[in-house]
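Asks: Pasting in a structure now, in structure tokens, and then I'll have a few things to ask.
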């Protein structure tokens, strides 16, 4: 337990968010993208007296270590260059699953993908998920999207990249 101003006591064992790193700023972007994704993964309905528990996330008892890359001033995101800067704080807080609902248009196997592979090789008890991105070129054939349509760091070999069609 921790006592804060006004002698209010918080039971830290009941906290959902165990870490919040505000890389760019500490406000959510207008779309609430990061908050939405975090709730889909680890949201837990608070009212057990109604059917609202139907809206729990996939892992309602999970804790969150949140790394905020949203830039509310620009309505975009700003991601650190190195995997250790992104994953290191959460790893040190005890996180072993890491969801990244972002990618870049830098296809192939660039330095960022290599860097994520290196970090995950060193920390092999961690699993990192990435979005496949939103920039696939599928105009020539609906059965085959263009080469290089998945962005880095989703192209790293030690991450799990998730997409849909």
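Residue numbers (UniProt numbering): 1 to 165.
Even for Gly, the Cβ is constructed at its ideal location relative to N, Cα and C.
All figures in this text were calculated on a predicted structure; none of them were measured in a lab.
I believe residue 87 touches residue 129 by the beta-carbon criterion, under 8 Å. Please report the beta-carbon distance rounded to the nearest angstrom.
Replies: Incorrect: roughly 12 Å between the Cβ atoms, too far for contact.
Asks: Does DSSP classify residue 116 as helix, strand or coil?
Replies: Here residue 116 sits in helix by DSSP.
Asks: According to DSSP, is residue 4 helix, strand or coil?
Replies: For residue 4, the predicted structure reports a pLDDT of 39, less than 50, and the residue's modelled location is therefore unreliable. A value from the coordinates is still provided. The answer is coil: DSSP assigns residue 4 none of H, G, I, E or B.
Asks: For residue 123, which residues in the same chain have their Cβ closer than 8 Å to its Cβ, ignoring the five residues on either side in sequence?
Replies: Excluding sequence neighbours, residue 123 sits near 87 and 91.
Asks: So, using beta-carbon positions, are residue 83 and residue 155 closer together than 8 Å?
Replies: The answer is no: Cβ separation not under 8 Å.
Asks: If you drop the 5 nearest sequence neighbours on each side, which residues of the same chain put their C-beta closer than 6 Å to that of residue 152?
Replies: Cβ neighbours of residue 152 beyond the five flanking positions: 104, 106, 110, 112 and 113.
Asks: So, is residue 115 buried or exposed, given that buried needs 16 or more other C-beta atoms within 10 angstroms?
Replies: Residue 115 should be labelled buried.
Asks: Taking residue 36 as the reference, which of 70, 89 and 96 has the closest Cα?
Replies: Out of 70, 89 and 96, 70 has the C-alpha closest to the C-alpha of residue 36.
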